[in-house]
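Numbering follows our numbering, with no gaps: position 528 of the sequence shown is 607. Positions of the beta carbon are idealized from the N, C-alpha and C atoms, including for glycine. Notes to accompany the following structure.
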Amino acid sequence: MIKNLGIIILFLFLGYVVISQENIKIIFSGIAIFLIGMYFMEDGFKLFSGSVLENILQRFTSNLFKSITTGFFATTLVQSSSLISVIVISFLSVELLTLTQGIGVIFGSNLGSTTTAWIVSALGLNIKISLFAMPMIIFGAIFRFMNGNTYKGIGNILLGLGFIFLGISYMKDGFETLKDSIDLASFAMDGFLGLIVYIIIGAVATVVIQSSGATMAIIITALSSGSIIYINALALAIGANVGTTVTAIIGSLTSNENGKRLALAHLIFNIITALVAVIFLHYIKDLVDYISPYFNIDSTNYSMKLALFHTIFNILGILLVAPFINIIVVISEKLIKKKVSKYSKPKYLLQSNINIPNASMLSIKKECINLYENCQKAMLHALNFHTTNLKTKEDLKIALTKDIKKIDTNIDEIYQNNLKSLYSEIIRYSTFTQEHMTSSFQLKKVGDFKRCSKLIIEVLKDIRDIQRNVNFYLKSKNEYIKKEYNILREELATILIDINYLDNDELSEVEKLTQIEMIKELLNKNDLSNSEKIDVLIREDKIKATMATSLINDSASVYTIQKNLVEIATLLFIKDELIKEIGEQTNAS
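Structural data, given as structure tokens:
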């Protein structure tokens, strides 16, 4: 109640200031328009590039230098370090990137974010960019309402650029007119105290606005109008860098431990960079003055000098911190431990991934494997196999020679208390993910994973249906029926071991598909031999009719379970491209 009341009072006060102070209204309008532009730019590149940006971040991060370079160019292109951070956190959560690679991309992204300052100081202040803003907004709107994500992406990019340029123009005009009525420069502070105060102001402004690019745009336009002095502007720029770490920390709260480790690494980098900038501020300032002529920057052009300062101290931060990146990884892993999820809680379905097709697809796949592994354990326990020492077929042979001890396994209870919730989350997450997908392949793949999770649950329930007879007939004095049910147990355990063998990165895709085909052939042989054996057992009166009907039904159930397991394995462990290629070769022959 108090919180809501405070928000209402804040909005009322803000409304009064905006209405009563024309100059402040223009500045705030410029900030708002600039932020809208940043949003459209980010959304536009996501639509326009499809999964290209994700593929670039995944492919060109094999070493630290490539990671930093990729982070720099990607952020320079999309003008949004927050978008890059979201993608990196998503990739970390599904293990497409290592933590070292992710940190490298974030370091490069920090440097890439400095290009916003160059754009604002070089174009926004020296050219009447509002003239370009209106045509961009007009054509952006036209493209925005055309069919196709590519056109919509182009439209959003043009709208974003148009609003960014318009926002800069408003902020510039607002600060210039504000200077006539209020001398903000009179609040300038020299010395160490002024440095700390303005760093805090820059950090707080970035936290509130949630965009270091927007904060830098405000600083540069204020500096160009003379509303703030140069040394205070440098301190504000340092504060803006520090403020981005808060944004990263907030964004990591909904991610897994790797996302939190990334945020910690980002915090360490920005704090060290800020300390270096503070300690050597005057030396870096002198360096900027020295090299400015080489960039054709006039000695009185403080806005472009600020952009150069912003770039230099970020480069210094990378040079100082990058050699110790492995130490940062070790520290972050020690401070932020991996949490062991309960069976009922998803491990990989992170909300931060839901808007990113490639990352969300892999999230769903990994969660399906997690669901399968939990179901597999329950299935083996239901068949009275201990899973601890059951990894290979040799382990299975040893287990079959031992006396059978019943494992108390309630499949219904396991499903209701643990796996139902996990299954429901996969279906829910997949459905929302499909709303953000643009290609038919992505939609089909997620549909396959939904079907896969459904098959896993069906297999578990089918095991429940034969569990009672397995437990009953394994205690029978009739050795023939006991042997047949042991064979059913062995067949099911064998196929589960074979499928686990497929989840091996050392196997080629062709080897995996060959293994699947061998399993299918074995299934057909077992189905035929089981039918013949049951007929023989009935004719020779080795089992009773009631035993025979139970065995016939359970053999059919086992065959269905095995077929479903093969389909599950194909969906989870075999690439679609290879299946299609093999199918085309088969049809051609």
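For GLU596, the secondary structure class from DSSP, reduced to helix, strand or coil, is helix. In this structure, the straight-line span from the alpha carbon of LYS540 to that of MET626 is close to 22 Å. By the neighbour-count definition (other C-beta atoms within 10 Å, threshold 16), PRO372 is an exposed residue. ASN463 and LYS339 have their C-alpha atoms some 41 Å from each other. Contact annotation: the region 310–329 touches the region 384–394, with at least three C-beta pairs closer than 8 Å. Listed in chain order, the non-local C-beta contacts of ILE493 below 6 Å within the same chain comprise ALA457, local neighbours out to five positions each way being set aside. When rounded, the separation of the alpha-carbon atoms in LYS145 and VAL525 is 31 Å. Burial is judged here by how many other beta carbons sit within 10 angstroms of a residue's own beta carbon; ILE443 has at least 16 and is buried. Secondary structure at TYR369: helix, using DSSP grouped into helix, strand and coil.
If one requires a minimum length of 4 residues, no alpha helix (DSSP H) run lies completely within the region 217–254. Under the three-state reduction of DSSP output, PHE359 falls in the coil class, being neither helix nor strand.
Closest by C-alpha distance to LEU601, out of LYS621, PHE528, ILE574, is ILE574. By the Cβ rule, the region 616–636 does not count as touching the region 495–504, because fewer than three pairs are nearer than 8 Å. When C-alpha distances from ASN134 are compared across GLY123, GLY116, ILE163, the shortest belongs to ILE163.
Taking C-beta atoms as the reference points, ILE490 and ILE542 count as a pair closer than 8 Å. MET440 is the residue among LEU630, MET440, ARG507, ASP474 whose C-alpha sits nearest the C-alpha of LYS523. Burial is judged here by how many other beta carbons sit within 10 angstroms of a residue's own beta carbon; ASN393 has at least 16 and is buried. THR194 counts as buried, since at least 16 other C-beta atoms from the protein chains shown sit within 10 angstroms of its C-beta. If you draw a straight line from the Cα of VAL615 to the Cα of LYS621, it is about 8 Å long. Scanning the region 278–326 for uninterrupted beta strand (DSSP E) segments of 3 residues or longer gives nothing; none is fully contained.
In the structure shown, PHE90 falls within a helical segment according to DSSP collapsed to helix, strand and coil. In the pairwise beta carbon analysis, the region 105–114 is classified as touching the region 236–246: at least three pairs are separated by under 8 Å. When the Cα atoms are used, SER636 and GLU563 turn out to be separated by approximately 14 Å. In the DSSP assignment, GLU569 falls within the alpha helix (DSSP H) that extends over 558–581. The DSSP-derived three-state label of THR639 is helix.
DSSP places HIS515 outside both helix and strand once states are collapsed to three, so it counts as coil. Assignment of PHE464 by DSSP, reduced to helix, strand and coil, places it in the coil class.
Only buried fits ALA282, as 16 or more other CB atoms lie within 10 angstroms of its CB. Burial state of GLU570 is buried, judged by a 10 Å Cβ sphere holding 16 or more other Cβ atoms. Distance from the CA of PHE528 to the CA of THR467, rounded to the nearest whole angstrom, comes to 28 Å. Assigned with DSSP and collapsed to three states, MET383 falls in helix.
By the criterion of a C-beta distance shorter than 6 Å, ALA648 is surrounded in its chain by ILE578, LEU581, once the five residues flanking it on both sides are discounted. In the three-state reduction of the DSSP assignment, THR179 falls in the helix class.
In the three-state scheme derived from DSSP, where H, G and I count as helix and E and B as strand, LYS484 is classed as coil.
By the Cβ-count criterion, ALA284 is buried, with 16 or more other Cβ atoms from all chains shown falling within 10 Å of its own Cβ.
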